[in-house]
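Numbering (my numbering), first residue to last: 6 to 152.
Below: one structure, written as structure tokens.
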Amino acid sequence: MARTHGTEGGKGAEKAKGTMTVQEAGRIGGEIRKEELGPEGYSEIGKMGGEVRKEQLGHEGYSEMGKKGGEARKEQLGPEGYSELGKMGGEARKEQLGPEGYSELGHKGGQRVKQLIEEGKRAEGEGATEEEGEEESGGKGRGKPRH
């Protein structure tokens with residue numbers, strides 16, 4: 006007996022001639038819609054959906070979703086494939102921004118790294134100062150009072 010739908014999604018089921026699974030129907034419908042809209046229109050729909058999802062999840066949730074997707078993609082492609090994907094993305098971004106814009110983007114990134122390093126050094130310095138004070142006074146709460 007042929008199955009045309011169900012919870013198993015057609016796995017292990019025989020299909021009667023002229024039937025398709027829900028997954029197959031969705032894929033075909035998506036391909037038709039993509040042809041109707043063209044690559045730019047289809048991309049725009051994806052961006053709109055992404056914005057709605059971002060509002061639903063909030064910044065942190067959306068960021069977490071992206072990290073999970075990136076990790077899954079890295080597993081699919083392997084380290085070399087993932088690296089190649091990043092290179093392709095960098096080249097595409099360079100084309101979008103032009104040489105001057107791409108250079109400016111790199112400069113901004115470098116400034117951000119410098120800022121993070123400085124913040125890390127300050128945080129380490131503050132931690133070291135607190136530890137030194139504990140050693141000198143024999144522990145927290147003992148020693149000279151602070152004014």
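Cβ atoms here follow ideal geometry from the backbone N, Cα and C, with glycine treated the same way.
If you draw a straight line from the alpha carbon of residue i to that of residue j, how long is it in whole angstroms?
{"i": "Glu-36", "j": "Ser-68", "result": "29 angstroms"}
{"i": "Gly-163", "j": "Ala-97", "result": "Any question about residue 163 goes unanswered here, given that the chain covers just 6 to 152."}
{"i": "Met-93", "j": "Glu-100", "result": "11 angstroms"}
{"i": "Gly-124", "j": "Glu-49", "result": "Note that residue 124 is Glu in the sequence shown here, rather than Gly. One C-alpha to the other measures close to 39 angstroms."}
{"i": "Leu-82", "j": "Glu-131", "result": "42 angstroms"}
{"i": "Met-25", "j": "Gly-34", "result": "12 angstroms"}
{"i": "His-1", "j": "Glu-56", "result": "Nothing about residue 1 can be read from this structure; the chain reaches only from 6 to 152."}
{"i": "Glu-65", "j": "Lys-59", "result": "9 angstroms"}
{"i": "Arg-127", "j": "Val-118", "result": "14 angstroms"}
{"i": "Gln-120", "j": "Met-53", "result": "33 angstroms"}
{"i": "Glu-40", "j": "Gln-61", "result": "29 angstroms"}
{"i": "Gly-115", "j": "Glu-109", "result": "10 angstroms"}
{"i": "Met-6", "j": "Ala-30", "result": "A caution first: Met-6 carries a pLDDT of 43, below 50, which makes its placement in the model unreliable, though a value can still be read off. Whole-angstrom Cα-Cα distance: 20 angstroms."}
{"i": "Gly-103", "j": "Gly-95", "result": "12 angstroms"}
{"i": "Glu-129", "j": "Ile-122", "result": "11 angstroms"}
Which residues in the same chain have their Cβ closer than 7 angstroms to the Cβ of residue i, if we skip the five residues on either side of it in sequence?
{"i": "Gly-71", "result": "none"}
{"i": "Gly-63", "result": "none"}
Residues in its own chain within less than 6 angstroms of residue i by CB, not counting five upstream and five downstream?
{"i": "Glu-89", "result": "none"}
I'd like the list of long-range same chain contacts for residue i, defined as Cβ closer than 8 angstroms, with 5 residues on each side in sequence excluded.
{"i": "Tyr-87", "result": "Arg-78, Lys-79"}
{"i": "Glu-85", "result": "none"}
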